[in-house]
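Peer 1: Numbering (the numbering used here), first residue to last: 504 to 637.
From the three backbone atoms N, C-alpha and C, an ideal C-beta is built for every residue, glycine too.
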């Protein structure tokens with residue numbers, strides 16, 4: 504895929520907190536936009552510890568409550584790649600890009616099953632670009 508970005512991108516990152524096995528959807532990663540500008544979210548990169556492939560993922564921002572980034576159930580294995588894998592998967596946001604305004608949080612909720620999540624088992628890298636006014 505050709506990168507035709509003509510503006511500088513900003514990378515924001517966060518790591519997971521601990522969640523017990525069989526946890527309902529719970530905020531596990533929060534990334535605050537402290538970049539000094541509103542950001543259009545271009546892509547998300549999830550890396551995770553092997554064995555967490557079946558964890559369900561939900562992503563939202565205050566601006567996306569009625570238009571979520573992901574519709575329906577999605578697993579970490581479907582959107583990311585394990586730390587043990589030398590390559591990684593970037594989840595490119597198609598179409599109109601969601602906006603994370605200055606000072607807002609992007610929250611990632613996980614639902615676990617048999618396997619708990621330990622601190623830093625999951626890392627999220629958010630690739631954003633300064634929103635232009637139109």
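Just verifying my parser: in three-state terms, what is the DSSP assignment at residue 631?
Peer 2: Against the chain shown, residue 631 aligns to sequence position 128. The answer is strand: DSSP assigns residue 631 an E or B state.
Peer 1: Out of 512, 621 and 539, point me to the one whose CA is closest to residue 604's CA.
Peer 2: For this step, residue 604 is matched to residue 101 along the chain shown. The residue with the shortest Cα to Cα distance from residue 604 is 539.
Peer 1: In three-state DSSP terms, what is residue 614?
Peer 2: As a first step, residue 614 is located in the chain shown; it is residue number 111 there, counting from the start. Residue 614 falls in the strand class under three-state DSSP.
Peer 1: Look at the alpha carbon of residue 646 and the alpha carbon of residue 528, and state the distance between them as a whole number of angstroms.
Peer 2: Beyond the ends of the chain as shown, which are 504 and 637, falls residue 646; an answer cannot be given.
Peer 1: From this set, 586, 556, 592 and 524, which residue's C-alpha is nearest residue 578's C-alpha?
Peer 2: Taking the chain shown and counting its residues from 1, the one referred to as residue 578 is at position 75. Here the closest residue by C-alpha is 556.
Peer 1: Could you tell me which of 554, 517 and 549 sits nearest to residue 560, measuring between CA atoms?
Peer 2: Here residue 560 corresponds to residue number 57 of the chain shown, with the count starting at 1. Among 554, 517 and 549, the Cα nearest to that of residue 560 is on 549.
Peer 1: Determine the DSSP secondary structure at residue 554, reduced to helix, strand or coil.
Peer 2: Translated into the one-based positions of the chain shown, residue 554 becomes position 51. Here residue 554 sits in coil by DSSP.
Peer 1: Any idea what DSSP makes of residue 517, helix, strand or coil?
Peer 2: Here the question's residue 517 lines up with position 14 in the chain shown. Three-state result, residue 517: strand.
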